[in-house]
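Student: One structure coming up, written as structure tokens, with questions to follow.
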Amino acid sequence: MVWALFHASGIHATIAGVVLAFTVPVSGRGGTQLAETFEHRFRPLSTGIAVPIFAFFAAGVAVGGESRFPFDPIAIGVMVGLVVGKPIGISLVTWILTRWTRAELDPAVRWRELIGVGTLAGVGFTVSLLVTDLSFDHPADADTARLAVMVASIVAVAVAAAFLVRPRRG
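Per my numbering, the sequence shown starts with residue 28, numbered consecutively.
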């Protein structure tokens, strides 16, 4: 209901989620950590059902639309940015900080794992789709970018898995 009211008012509907997050009390009666209880209780529902449904509907790629995916420069730029740019940027900044400041990585963290987590940052549904909506006026360009975000997110998960999943040694 809040989403619909925000949308009808002309305010971007994603702001509704941010506003609702501020209404969740941090602690309940008897000192229980209510926010933590909510998070534990609703995480499976959120990550398993709500987020994929949101991503599907938020993407808004028109079936039979005018997308020029995958060889359009927009699609290539989006995919390279999410799958290659994110891990390079995160890894490079981390390396610079650990090299030229007093910051240190925990000894248990391997660079392979850091690159894998950086690659997971390429899963860009929410912000990437929001930027797409704000960036492209032409429907074909927007459809191309939305499809590229979805494909890049799937590729980013696969690449991250290659970095993060360790084979069992028997």
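The beta carbon of each residue, even a glycine, is placed where N, CA and C say it ideally should be.
In the DSSP assignment, find the unbroken alpha helix (DSSP H) run with serine 73 in it and report its ends.
Tutor: As a working mapping, residue 73 is identified with position 46 in the sequence shown. No alpha helix (DSSP H) contains serine 73, which DSSP labels as neither H nor E.
Student: Would threonine 171 pass as a contact of isoleucine 101 if the rule is Cβ separation under 9 Å?
Tutor: What you label residue 171 is simply residue 144 of the sequence shown in a count that begins at 1. What you label residue 101 is simply residue 74 of the sequence shown in a count that begins at 1. Yes, these two residues count as a Cβ contact at 9 Å.
Student: Counting beta carbon pairs with one atom in the stretch 68–80 and one in the stretch 139–151, are three or more of them shorter than 8 Å?
Tutor: Short answer: they don't touch.
Student: Tell me where the alpha helix (DSSP H) around alanine 187 begins and ends.
Tutor: By one-based count along the sequence shown, residue 187 stands at place 160. Start and end: 166–191.
Student: Valine 105 and alanine 175 look like a contact to me (Cβ under 8 Å); what is the Cβ gap, rounded to whole Å?
Tutor: By one-based count along the sequence shown, residue 105 stands at place 78. By one-based count along the sequence shown, residue 175 stands at place 148. Rounded, the Cβ-Cβ distance is 4 Å, consistent with contact.
Student: Which class does serine 132 belong to by DSSP, given the choice of helix, strand or coil?
Tutor: To locate residue 132, count along the sequence shown from 1; it is residue 105. Per the sequence shown, residue 132 should be read as leucine rather than serine. Three-state DSSP puts leucine 132 in coil, outside helix and strand.
Student: Can you grab the Cα-Cα spacing for the pair valine 186 / arginine 137, in whole Å?
Tutor: Locating residue 186 in the sequence shown gives position 159, where the first residue counts as 1. Locating residue 137 in the sequence shown gives position 110, where the first residue counts as 1. About 16 Å.
Student: Is it buried or exposed for glycine 149, if we count other Cβ within 10 angstroms and need 16 for buried?
Tutor: Taking the first residue of the sequence shown as position 1, residue 149 is located at position 122. That one is buried.
Student: What's the gap between the Cα of leucine 147 and the Cα of valine 107?
Tutor: Translated into the one-based positions of the sequence shown, residue 147 becomes position 120. Translated into the one-based positions of the sequence shown, residue 107 becomes position 80. Cα to Cα, leucine 147 sits roughly 14 Å from valine 107.
Student: Taking the alpha-carbon positions, what's the proline 134 to arginine 195 distance?
Tutor: Numbered from its first residue, the sequence shown carries residue 134 at position 107. Numbered from its first residue, the sequence shown carries residue 195 at position 168. In a straight line, the C-alpha of proline 134 is about 22 Å away from that of arginine 195.
Student: Leaving out five residues on either side along the sequence, give the residues of the same chain with a beta carbon under 6 Å from the beta carbon of glycine 37.
Tutor: Position 10 of the sequence shown, counted from the start, is the residue given in the question as residue 37. Hits under 6 Å: none found.
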